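> Same order as they appear, the protein sequences are chains A and B. Numbered per the working numbering, the first sequence finishes at 664, counting up by one with no gaps. Numbered per the working numbering, the second sequence finishes at 664, counting up by one with no gaps. We put the beta carbon where it would ideally sit given N, CA and C, even for glycine. In this text the structure is predicted, and so the values were computed from the model without any measurement.
Number of protein chains: 2
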Amino acid sequence: MANIRDIAKEAGVGIATVSRYLNDTGYVSDEVKVKIQKVIEELNYKPNALARAIFTKNSKTIGLMVPNISNPFFNQMASVIEEYANEMGYNIFLCNTDDNPEKESKYLDVLQSHRVAGIIVARSKCKEAYSNIDIPVISFESHISDKIITVSSDNYNGGKIAFDHLYQCGCRKMIHIKGPTCFEATEDRSRGFLDAAKDKNLKIDLIEFETDFQVKMLEENIESLNKIGECDGIFVFNDIAAATVIKFLRKKGVRIPEEVQIMGFDNSFICELLHPSLTTINQPIQALGKYTIELLIKLINDEDIEIEDYLMETKLIKRETTLS
Amino acid sequence: MANIRDIAKEAGVGIATVSRYLNDTGYVSDEVKVKIQKVIEELNYKPNALARAIFTKNSKTIGLMVPNISNPFFNQMASVIEEYANEMGYNIFLCNTDDNPEKESKYLDVLQSHRVAGIIVARSKCKEAYSNIDIPVISFESHISDKIITVSSDNYNGGKIAFDHLYQCGCRKMIHIKGPTCFEATEDRSRGFLDAAKDKNLKIDLIEFETDFQVKMLEENIESLNKIGECDGIFVFNDIAAATVIKFLRKKGVRIPEEVQIMGFDNSFICELLHPSLTTINQPIQALGKYTIELLIKLINDEDIEIEDYLMETKLIKRETTLS
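See the structure below:
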C-alpha cells in the first residue's frame with residue numbers, strides 16, 4: 341500500500357507538504373494541492389487514521405461503552421448513536437462492560453490509549469476511574485460527577501406515570517418488580533412509582549430482580565414471583581423482564597389483563613410482539629441517542645456548554661396488558 | 341500525560357530501548373526492564389495504542405461489520421464475538437452496514453485506515469471491495485471469494501429439517517415465507533426446504549419479504565400474507581419475522597398450532613417469550629462466534645489454515661407452534 345513518502349516522491353514535493361495537505365494544518369498552494377490529490381488518487385492511497393490521530397489529535401473515533409448490546413434497550417440506543425455519529429463523520433468503537441467495574445475500567449484504559457476523540461458511557465459502574473480523564477465524556481443514565489454531563493430519560497416521572505395508569509385502570513393491590521439496586525435508572529423508576537403510591541396511601545409489595553437482561557437469568561429470578569400473594573397490577577422495571585413475567589403468569593393460568601394488569605418500561609420493539617401486547621413507558625431512544633452524541637461532539641469541538649444533567653420526557657404507551 | 345520520552349529520560353535509557361521493552365521487539369536486559377517498568381508505574385504511563393499499532397503493525401483491534409445489531413441474531417453473534425475476542429486480548433470495533441454496499445465499502449476503508457489487525461464481515465454486500473485487502477478477513481454467512489474463509493450455519497440442511505418436521509406434524513399445504521433474495525443464508529434455507537418438499541412431491545406456496553429485521557418494515561410486508569390461501573404449515577426465514585406472522589394470524593383469529601403450525605429459524609431469545617413459544621431451527625451462535633474469531637486470530641498470527649468454507653450443524657428446537 342502507498343504511504344506518505346510515495347505520495348511526496350511522486351508529486352515532487354516534501355513529506356511535510358503532503359502532511360500539511362492531508363491534515364489541513366498549514367498553507368499549501370492550490371497548484372500543489374491539485375498535484376498531491378491527483379497522486380493520491382493514482383496510487384489509491386488511504387490515509388493512516390492512526391498516524392493522523394497522533395498528529396492532529398483527532399481520531400474521529402468515539403468510544404461507546406454499554407452494559408450489553410443484548411439488552412434490547414441498549415442495543416437500540418447503540419444503533420441510534422452509531423447512525424448519528426456516522427452522519428457527523430465519526431465512527432464508533434463499541435465496548436460491552438457487562439456491568440462489570442473491572443471490565444469497564446480496562447476498556448476505559450484501552451479507549452484512552454487508542455486516543456479516541458470522546459467517550460459515551462452508559463450506566464457506569466466505576467465512577468472513580470473518570471476523575472483523571474482528559475478526553476470528553478458524556479454519561480448516559482448514571483451520574484458520575486459534577487464535571488461530567490449526564491443524559492437520561494426522566495425515569496422518576498416515568499415511574500409516576502406507570503402508577504397513575506395502573507391506578508386509573510382500577511388496580512389497588514399492586515406489586516412492583518424492581519431492578520438491581522445498583523442501577524440508577526431503575527431505582528429512579530421505583531422511587532417515582534412508590535412516591536405516587538404514597539400519595540394515594542397505597543402499600544406496594546416489592547420484589548427485586550438481580551439482573552436487568554439475560555433471559556436465562558431472568559428466569560432464575562422469576563421463581564421469586566411464587567411469593568406473590570394476590571395482586572391486580574404489576575409494574576416491572578423493563579420490558580424484557582415484563583415479558584418473562586407474562587410468560588410465568590400465563591403458565592400459572594392467570595389471565596392478563598382481566599385478572600392482573602402489567603406494565604413494562606422502555607417501549608422496545610419487543611412490546612408489539614408479545615401477546616397480549618405490552619403497555620409500557622416510552623423512553624425517547626432516538627432523541628436520547630441524538631442528543632447524547634451531539635453534546636459529545638460539542639465537547640470535542642470545545643464548544644461552550646453547560647455541565648448539567650439533561651432529562652428527557654417519558655410517556656405512557658397504552659397497549660393490551662392494561663384495561664381501558 | 342507522560343510519553344515515551346519522559347520514560348526514557350527518567351529511566352536513564354534511550355527511547356529505542358523503551359520502545360523495544362514496550363513492544364517486545366528486541367533485547368532489553370532484565371535490570372533495565374525493571375528500571376523502565378518502575379518509571380512507567382511512577383509516571384502512570386499509558387502506552388499509546390495508536391503509535392504502537394504503527395510500529396508493531398498489530399493494533400489488537402478487530403473490525404466487526406454486521407448488517408444491524410438490532411437484529412437479535414447478529415446482536416447475539418456480536419456479543420459472543422466480543423466476549424471471545426476480549427478473552428484473546430483483542431478489542432472490537434463494531435460497525436453497522438445496514439446491508440448497504442456503500443456504507444460497508446466506506447467502513448472497509450475506515451477499518452483499513454485504522455490499521456485493524458483483522459476484519460470479520462457478516463453478510464457482505466460489496467464483495468468486489470475485498471479483492472485488494474491486505475488485512476486478514478473472515479466472512480460470515482456469505483461467500484466473498486475463494487481467497488476468503490466463510491463461516492456459516494448449515495442453512496441448507498436447516499431448511500430440510502424444517503420441512504421434515506412440519507411434514508411429520510401432518511402439514512400438507514405449506515407456505516414458505518422467504519427472506520430477500522440477496523441474502524445467501526436465507527436463500528440456502530429456502531433451497532433446503534423446497535428440495536425436501538420436492539422429494540415428497542409437495543408444492544409449496546412462496547411469499548418473499550423485502551427485509552430481514554425491522555419490526556416496522558416487517559409489518560409492511562405482512563400485508564402480502566393476505567394473499568395466503570388455505571394452509572396448515574408455515575416456515576418463516578427467521579424468528580423475528582415469524583413473530584410478526586404469529587401476531588398477524590392471531591389478529592385474524594387463526595389458532596396456532598391447531599389450524600396453522602409455524603416454524604422460525606435462528607433460535608434467538610425471542611422464541612421463548614412468544615405465545616405460543618416458537619418451534620425453530622437452532623444456529624449454534626456460541627460455536628459460530630467462537631470459531632469465527634479463532635480462525636481470524638489464526639490468520640492474524642500467520643498460522644497455516646485451510647482456506648475453505650466452514651459449515652456448522654443446525655438442529656430442530658421443538659416448542660409450541662408445532663404439534664406432537
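#1: Which residues of chain B have a Cβ atom closer than 9 angstroms to the Cβ of residue 432 of chain A, listed in chain order?
#2: Starting from residue 500 of chain B, find everything on chain A with Cβ-Cβ shorter than 7 angstroms and list it in chain order.
#3: Given that residue 590 of chain A touches chain B, what residues does it touch there, using C-beta distances under 7 angstroms?
#4: Counting only runs of 3+ residues fully inside the segment 445-488 of chain A, write out the beta strand (DSSP E) ranges in chain order.
#5: Under a three-way DSSP split, which group does residue 358 of chain A fall into?
#6: Pick from A:520, A:498, A:420: whose alpha carbon is nearest that of residue 619 of chain A?
#7: Please tell me whether residue 444 of chain A and residue 471 of chain A are closer than 8 angstroms, where the distance is taken between their beta carbons.
#8: For the segment 566-580 of chain A and the segment 522-536 of chain A, state whether three or more C-beta atom pairs, one from each stretch, are separated by less than 8 angstroms.
#9: Over what stretch of residues does the beta strand (DSSP E) that includes residue 516 of chain A continue unbroken?
#10: Could you check if residue 541 of chain B is buried or exposed, using at least 16 other CB atoms within 10 Å of its CB as the buried criterion?
#11: Helix or strand or just coil, what does DSSP make of residue 650 of chain B?
#12: Excluding the 5 residues preceding and the 5 following residue 397 of chain B in the sequence, name in chain order all residues of the same chain whose CB lies nearer than 7 angstroms to its CB.
#13: Does DSSP put residue 663 of chain A in a helix, in a strand, or in coil?
#14: Kindly say whether residue 409 of chain A, judged by its beta-carbon, lies nearer than 8 angstroms to any beta-carbon of chain B.
#15: In chain order, what residues of the segment 628-643 of chain A put their CB closer than 9 angstroms to some CB of chain B?
#16: Can you tell which of B:596, B:628, B:654 has the C-alpha that lies nearest to the C-alpha of residue 605 of chain B?
#17: Can you list the beta strand (DSSP E) stretches of 3 or more residues lying completely in the segment 583-648 of chain A, in chain order?
#18: Relative to the alpha-carbon of residue 441 of chain A, which residue among A:407, A:457, A:544 has its alpha-carbon at the smallest distance?
#19: Chain B beta carbons: is any one of them nearer than 8 angstroms to that of residue 583 of chain A?
#20: Among residues of its own chain, excluding the 5 on either side of residue 394 of chain B, which ones have a beta-carbon nearer than 8 angstroms to its beta-carbon?
#21: Is the CB of residue 579 of chain B under 8 angstroms away from at least one CB in chain A?
#22: Can you grab the Cα-Cα spacing for the pair residue 493 of chain B / residue 572 of chain A, in whole Å?
#23: According to DSSP, what are the bridge partners of residue 548 of chain A?
#24: Exposed or buried, residue 374 of chain A, counting other C-beta atoms within 10 Å across all chains shown (16 or more means buried)?
#25: Evaluate residue 550 of chain A with the Cβ neighbour count: other Cβ atoms within 10 Å of its Cβ, from every protein chain shown; 16 or more gives buried, anything less gives exposed.
#26: So what's residue 372 of chain B in DSSP terms, helix, strand or just coil?
#27: From B:528, B:446, B:366, B:343, pick the residue whose C-alpha is nearest to that of residue 381 of chain B; which is it?
#28: So which residues on chain B does residue 418 of chain A lean against when the C-beta distance must stay under 7 angstroms?
#29: If residue 351 of chain B sits next to residue 379 of chain B, beta carbons under 8 angstroms apart, how far is it from one beta carbon to the other, in whole angstroms?
#30: By the three-class DSSP mapping on this structure, what secondary structure does residue 420 of chain B have?
Taking the definition as stated:
#1: By Cβ distance, chain B contributes 433, 434, 435, 436.
#2: In chain order: nothing, as chain A lies at least about 27 angstroms away.
#3: The answer, in chain order, is 615.
#4: Complete beta strand (DSSP E) runs here, min 3: 458-462, 477-480.
#5: The answer is helix: DSSP assigns residue 358 of chain A an H, G or I state.
#6: Looking at the Cα atoms, A:498 is the closest of the given residues.
#7: No, they are not a contact pair.
#8: In short, these stretches touch, since the Cβ pair count reaches three.
#9: Segment 514-518, the beta strand (DSSP E) holding residue 516 of chain A.
#10: That one is exposed.
#11: Residue 650 of chain B sits in a strand when the DSSP states are folded into three classes.
#12: Note that residue 397 of chain B scores 49 on pLDDT, short of 50, meaning its location in the model is unreliable; the coordinates nonetheless yield the value given after this. Apart from the 5 residues on each side of it in sequence, residue 397 of chain B has no Cβ closer than 7 angstroms to any other Cβ in its chain.
#13: Coil.
#14: Yes, residue 409 of chain A counts as interfacial toward chain B.
#15: Listed by position, the residues of the segment 628-643 of chain A near chain B (Cβ gap below 9 angstroms) amount to none.
#16: Of B:596, B:628, B:654, the residue nearest in Cα terms is B:654.
#17: If we require 3 residues or more, the beta strand (DSSP E) runs fully inside the segment 583-648 of chain A come out as 601-603, 620-622.
#18: It is A:407.
#19: It does: the Cβ of residue 583 of chain A has a partner Cβ on chain B nearer than 8 angstroms.
#20: Low per-residue confidence applies at residue 394 of chain B: pLDDT is 47, beneath 50, and the placement is therefore not dependable enough to give any value.
#21: Interface flag for residue 579 of chain B against chain A is unset, since no Cβ pair is found closer than 8 angstroms.
#22: Separation of residue 493 of chain B and residue 572 of chain A (C-alpha to C-alpha, rounded to the nearest whole angstrom) is 45 angstroms.
#23: BP columns for residue 548 of chain A point to A:518.
#24: With fewer than 16 other Cβ atoms within 10 Å, it is exposed.
#25: In summary, residue 550 of chain A is exposed, with fewer than 16 beta-carbon neighbours lying within 10 Å of its beta-carbon over all protein chains present.
#26: Here DSSP, grouped into helix, strand and coil, assigns residue 372 of chain B to helix.
#27: By alpha-carbon distance to residue 381 of chain B, the top candidate from B:528, B:446, B:366, B:343 is B:343.
#28: Correct list: 409.
#29: Their Cβ separation, rounded to whole angstroms, is 5 angstroms, which keeps residue 351 of chain B and residue 379 of chain B in contact under 8 angstroms.
#30: Three-state result, residue 420 of chain B: helix.
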